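Asker: Letter by letter, the sequence shown follows residues 20 to 626 of our numbering.
Even glycine gets a Cβ: it sits at the ideal position worked out from N, Cα and C.
Since this is a predicted model, take the numbers as computed values, not measurements.
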Amino acid sequence: MLWNRYLGGWWVLPLELFTPDSWRHDTGLGGAILWYGYYTLIALAIMLVVGRLGRWGEVWRRFGPSAWGKAVPTLERTSIPENDPAEYPQLRAAGAVDAAERLAADARAGVMRDVDHARILRAWQGVRGGRFSLATFTGTVLKDGAAACVHPSGARDLPGRIARHDLLTGQVRLGTTADDARNPYAYRGTGLGLDPELLGTSLVAVGPAGSGKTGTVVRPLAESLCLHALAGRAAVVVVGAAGAGLGPADAYDVVVQIGNPESVYDLDLYGGTTDPDEAAAVLAEALVGDLAEPHQGGDTRRSTTVLAQLLGPFRAVHGRFPSVPELRQLLDGAPAPLAALRKGLQASGQESLLRELDARERQMGNPGDVGGILADRVALLDRPAFAAFFDTSGQSRPFSLKALDHPVRVRIDLPQRGHADASRMLARLVLAQFTASVAVREDRSLFACLVLDDATGVVTPEAVRGIQRLRSGNAGVVLTLRTLDDVPRPLRGPLLGATGCRMALSGLTPWDGQDFAEVWGKEWIEARDVTDRQIIAETPAGKVLHAVRQVITGKAPTARAVTVRQVERERWSASELAHGVPPGHAVLSLTSVKGEHAPPLLVDLRG
């Protein structure tokens, strides 16, 4: 009767306890009914237990006869998923059901892009914030559908994307965290992406030429920020050498090609400001910021004073700031321009500005005067290649970083070949104008980001202070360097401290690795020390046993002792950063504007 070999013989114990022997040993119809009834009871009990574990009831409710009568045709929907972004539940909850239906229909028809979805959600945030009316938004959506609230350029996507983007979360994928013992277990093998929440703390990436800074870091980030700009979320300025591969011209609204006669746009040397003191401060940072003593900025302050003494009177007389040749003449102390300027001030009765001009003329020729240094720096821009640029007469189309109040996409190409010093000066100028402009923006809900493909000679004491202030203005910068030797030694620590995201690419020098190792600090780890000691037998029997064991194993009997202790160790040492980062990889630490941070992780930028 033991037909079930899995249950063994104990399963008939209940039957033996509650039935007489004559029933169980009956070979007739009664015995068959007893046993097969008992089999059925046991099988039902097993099925009940298994059904509860396997949730058979849920399967029956979903696919059984009770669900057959609830089936609806494919084109009909009786309910809207509450958490489906493509159904625009926010609009439905606010009463804009018609607009939500129009957008959902475009999504089902395949005409809704990820940029369209992000842009419309951004416009809806403007409605919730009171910047737009609900009626205007609804009317635009009903009229244009997925093309509603389009970017001023009319573009709804970027040509030739190279990176993977998730505009719902705002992230761009840079790579995959390596399955390496130096990475915390929870992070291994996961995708790694950056978004404005992280770029708002700024990013500095250091790696030699050929390590992939432009192709694997700058280009994807610039592409992501341009997509955010099309969605109305960001304003981006990308600065690099001409031909550096920062994306096609069609991906930008404004392309400034300094030194190229075919450039449609010009660069405003004074940042679009009308305040002579503000213009002087920004221009002084560009001209001599790299000459200032770290943490002192004496040359910058004196240069600001000198420039203000000339820019103020010139604007009062001519209604504009001087062009590059005019500024060079004034700084050189040419008699004719200064005399003309004095005559104009006297004619207009500008006594206070006359005193400024008198002070400038008295300082000329003194040993401590920085006018000659400024004139030499301005001479780098007073070259035939730049003759058509930096125009202040209103004949060109100058771009000003005051435009960062709008979701604009800008690329500035610097003339690296033959004009390296001028390019570094212009890069400092753009960075100074950027930090000054974002600090006074009216609409800070728009994320502003400056991407500098090569920040050599750009990091100055004032630049570091400006980067520290960007986080509160919903702005950030991305800086790349071939080596930290391009930054003055006293500024390397402050630069790494001012940026929340730090990246060390493969091929780093041990000296650069040491700076990263210091800023990443140390961590407590559990160190295990294992020691083997020989066991000394004290009895004759023990000695015999040890001798036999040594003959068999060839080793003396030992006892293993394990000591566990907590020690401090560098997260990444300078040697590991210099020699342990494979090609195509980088070590990256992240910090968000909310203070959340991730430890330095080894990332495969090719994944």
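Within 10 Å of its beta-carbon, does Gly-316 have 16 or more other beta-carbons around it, so buried, or fewer, so exposed?
Answerer: By one-based count along the sequence shown, residue 316 stands at place 297. Note on Gly-316: pLDDT 47, under 50, position unreliable in the model; no value is reported.
Asker: Just to confirm before moving on: does the CB-CB distance between Cys-468 and Leu-218 stay below 8 angstroms?
Answerer: Counted from its first residue, the sequence shown places residue 468 at position 449. Counted from its first residue, the sequence shown places residue 218 at position 199. Yes; because the gap between Cβ atoms is below 8 angstroms, this pair is in contact.
Asker: How long is the line joining the alpha carbons of Glu-375 and Leu-329, rounded to whole angstroms?
Answerer: If you number the sequence shown from 1, residue 375 lands on position 356. If you number the sequence shown from 1, residue 329 lands on position 310. Using only the alpha carbons, I get a separation of about 8 angstroms.
Asker: So the beta strand (DSSP E) Phe-466 belongs to, where does it begin and stop?
Answerer: The residue you call residue 466 lines up with position 447 of the sequence shown. Segment 466–471, the beta strand (DSSP E) holding Phe-466.
Asker: Note down the Cα distance separating Gln-435 from Ala-458, rounded to an integer number of angstroms.
Answerer: Residue mapping note: residue 435 aligns to position 416 of the sequence shown, counting from 1. Residue mapping note: residue 458 aligns to position 439 of the sequence shown, counting from 1. Their backbone Cα atoms lie some 29 angstroms apart in a straight line.
Asker: State the DSSP-derived secondary structure class of Pro-631, mapped to helix, strand or coil.
Answerer: Here the chain has residues from 20 to 626 only, and residue 631 is not among them.
Asker: Identify whether Ala-90 lies in helix, strand or coil by the three-state DSSP scheme.
Answerer: As a first step, residue 90 must be located in the sequence shown, where it is residue number 71. Because Ala-90 sits at a pLDDT of 40, beneath the cut-off of 50, its placement in the model cannot be relied upon, and the following sentence gives the value as read from the coordinates. Note: Ala-90 maps to coil in three-state DSSP.
Asker: Quick check: the Cα distance between Asp-285 and Thr-479, rounded to an integer number of angstroms?
Answerer: Counted from its first residue, the sequence shown places residue 285 at position 266. Counted from its first residue, the sequence shown places residue 479 at position 460. The C-alpha of Asp-285 lies about 25 angstroms from the C-alpha of Thr-479.
Asker: Just confirm the distance between the C-beta atoms of Leu-372 and Gln-365, as a whole number of angstroms; I'd bet it's less than 8 angstroms.
Answerer: Counted from its first residue, the sequence shown places residue 372 at position 353. Counted from its first residue, the sequence shown places residue 365 at position 346. Taking a contact as a CB-CB distance under 8 angstroms, the pair Leu-372 and Gln-365 does not count as one, their CB atoms being some 10 angstroms apart.
Asker: Return yes when the Cβ of His-616 is within less than 8 angstroms of the Cβ of Leu-609, no when it is not.
Answerer: Taking the first residue of the sequence shown as position 1, residue 609 is located at position 590. Taking the first residue of the sequence shown as position 1, residue 616 is located at position 597. For Leu-609 and His-616, yes; Cβs fall inside 8 angstroms.
Asker: Spatial neighbours of Gly-614 within its chain, please: C-beta separation below 8 angstroms, excluding the five flanking residues on both sides.
Answerer: Here the question's residue 614 lines up with position 595 in the sequence shown. When the five nearest sequence neighbours on each side are left out, no beta carbon in the same chain lies closer than 8 angstroms to the beta carbon of Gly-614.
Asker: Taking only heavy atoms of the ligand PLP into account, decide whether any of them is closer than 7 angstroms to the Cβ of Ser-456.
Answerer: This structure simply doesn't include the ligand PLP, nor any ligand for that matter.
Asker: So Ala-126 packs on Ala-105, CB below 8 angstroms; how close in whole Å?
Answerer: Along the sequence shown, one-based indexing puts residue 126 at 107. Along the sequence shown, one-based indexing puts residue 105 at 86. Yes, Ala-126 and Ala-105 are in contact; Cβ-Cβ is about 4 angstroms, under 8 angstroms.
Asker: Would you grab the beta carbon distance between Val-429 and Tyr-206 for me? Rounded to a whole angstrom, and I think it's under 8 angstroms.
Answerer: Locating residue 429 in the sequence shown gives position 410, where the first residue counts as 1. Locating residue 206 in the sequence shown gives position 187, where the first residue counts as 1. Between Tyr-206 and Val-429 the Cβ distance is about 35 angstroms, and since that is not below 8 angstroms, they are no contact.
Asker: Would you report the Cα separation of Gly-599 and Val-236, rounded to the nearest angstrom?
Answerer: Position 580 of the sequence shown, counted from the start, is the residue given in the question as residue 599. Position 217 of the sequence shown, counted from the start, is the residue given in the question as residue 236. CA-to-CA, the gap between Gly-599 and Val-236 works out to about 20 angstroms.
Asker: In angstroms, rounded to a whole number, what distance separates the CA positions of Arg-111 and Thr-157?
Answerer: As a working note, residue 111 is residue 92 in the sequence shown. As a working note, residue 157 is residue 138 in the sequence shown. The alpha-carbon atoms of Arg-111 and Thr-157 are separated by roughly 12 angstroms.
Asker: Taking just the CA atoms, how far does Arg-347 sit from Leu-423?
Answerer: Locating residue 423 in the sequence shown gives position 404, where the first residue counts as 1. Locating residue 347 in the sequence shown gives position 328, where the first residue counts as 1. Put simply, the backbone Cα of Leu-423 is about 30 angstroms away from that of Arg-347.
Asker: Which residues share a DSSP beta bridge with Ser-608?
Answerer: Numbered from 1 along the sequence shown, position 589 holds the residue referred to as residue 608. Answer by DSSP bridge pairing, in chain order: Arg-521.
Asker: If you draw a straight line from the C-alpha of Gly-331 to the C-alpha of Gly-149, how long is it?
Answerer: Counted from its first residue, the sequence shown places residue 331 at position 312. Counted from its first residue, the sequence shown places residue 149 at position 130. Distance between the alpha carbons of Gly-331 and Gly-149 is about 40 angstroms.
Asker: Based on the DSSP secondary-structure assignment, which residues constitute the bridge partners of Glu-542?
Answerer: On the sequence shown, residue 542 is found 523 positions in, with the first residue counted as 1. Partner(s): Arg-588.
Asker: Taking Cβ positions, are Gly-540 and Arg-588 nearer each other than 8 angstroms?
Answerer: The residue you call residue 540 lines up with position 521 of the sequence shown. The residue you call residue 588 lines up with position 569 of the sequence shown. No; because the gap between Cβ atoms is not below 8 angstroms, this pair is not in contact.
Asker: For Gly-476, which residues of its own chain have a beta-carbon under 6 angstroms away from its beta-carbon, when the five flanking residues on both sides are left out?
Answerer: Start at 1 with the first residue of the sequence shown, and residue 476 comes out as number 457. These residues qualify, in order along the chain: Asp-309, Arg-443.
Asker: Would you list the one or two residues that DSSP bridges to His-337?
Answerer: Taking the first residue of the sequence shown as position 1, residue 337 is located at position 318. DSSP lists no partner for His-337.
Asker: Whose CA, out of Leu-448, Val-146, Gly-492, lies closest to the CA of Glu-461?
Answerer: The count along the sequence shown starts at 1 and reaches residue 461 at position 442. The candidate whose alpha carbon is nearest that of Glu-461 is Gly-492.
Asker: Can you find the residues in the same chain that come closer than 7 angstroms, C-beta to C-beta, to Asp-401, ignoring five residues on each side of it along the sequence?
Answerer: Working through the sequence shown from its first residue, we reach residue 401 at position 382. A distance below 7 angstroms between beta-carbons, with the five flanking residues on each side excluded, links Asp-401 to the following residues of its chain, in chain order: Val-343, Pro-344, Arg-347.
Asker: Considering only residues of the same chain and omitting the five flanking positions on each side of Leu-503, which have a CB-CB separation below 7 angstroms?
Answerer: Locating residue 503 in the sequence shown gives position 484, counting from the first residue. Once the five neighbours on either side are set aside, the close Cβ partners of Leu-503 are Val-225, Arg-511, Asp-531, Asp-534.
Asker: Do Val-256 and Ala-248 come within 8 angstroms of each other at the CB atom, strictly closer than that value?
Answerer: Within the sequence shown, numbered from 1, the residue matching residue 248 stands at position 229. Within the sequence shown, numbered from 1, the residue matching residue 256 stands at position 237. It is not a contact, given that the beta carbons lie outside the stated cut-off.
Asker: Secondary structure at Asp-285, three-state DSSP: helix, strand or coil?
Answerer: Translated into positions along the sequence shown, residue 285 becomes position 266. DSSP places Asp-285 in strand when its eight states are reduced to three.
Asker: Give the single residue among Ser-611, Pro-601, Pro-507 whose Cα lies nearest to the Cα of Ala-197.
Answerer: In the sequence shown, residue 197 corresponds to position 178, counting from 1. For Ala-197, the nearest C-alpha among the options comes from Pro-601.
Asker: What does the alpha-carbon distance come out to for the pair Pro-63 and Asp-103?
Answerer: Here residue 63 corresponds to residue number 44 of the sequence shown, with the count starting at 1. Here residue 103 corresponds to residue number 84 of the sequence shown, with the count starting at 1. A small fix is needed here, since residue 63 is Leu in this sequence, not Pro. So the alpha carbons of these two residues sit roughly 42 angstroms apart.
Asker: Using the three-state DSSP reduction, which class does Val-78 fall into: helix, strand or coil?
Answerer: As a first step, residue 78 is located in the sequence shown; it is residue number 59 there, counting from the start. Helix.
Asker: Out of curiosity, what's the CA-to-CA distance linking Gly-73 and Ile-65?
Answerer: Taking the first residue of the sequence shown as 1, we reach residue 73 at position 54. Taking the first residue of the sequence shown as 1, we reach residue 65 at position 46. Answer to the nearest angstrom: the Cα atoms are 12 angstroms apart.
Asker: Drop a sphere of 10 angstroms on the beta-carbon of Ala-268, count the other beta-carbons inside from all chains shown, and report buried for 16 or more, exposed for fewer.
Answerer: Within the sequence shown, residue 268 is the residue found at index 249, counting from 1. Exposed is the call here.
Asker: Answer yes or no: do Arg-547 and Thr-577 have a C-beta to C-beta separation smaller than 8 angstroms?
Answerer: Taking the first residue of the sequence shown as position 1, residue 547 is located at position 528. Taking the first residue of the sequence shown as position 1, residue 577 is located at position 558. Contact flag unset, no.
Asker: Cα separation between Gly-229 and Ser-367?
Answerer: If you number the sequence shown from 1, residue 229 lands on position 210. If you number the sequence shown from 1, residue 367 lands on position 348. Taking the straight line joining both Cα atoms gives about 59 angstroms.
Asker: If you compare alpha carbons, which of Gln-109, Pro-356, Pro-417, Gly-259 is closest to Leu-450?
Answerer: The residue given as residue 450 occupies position 431 in the sequence shown. When only C-alpha atoms are compared, the closest one is Gly-259.
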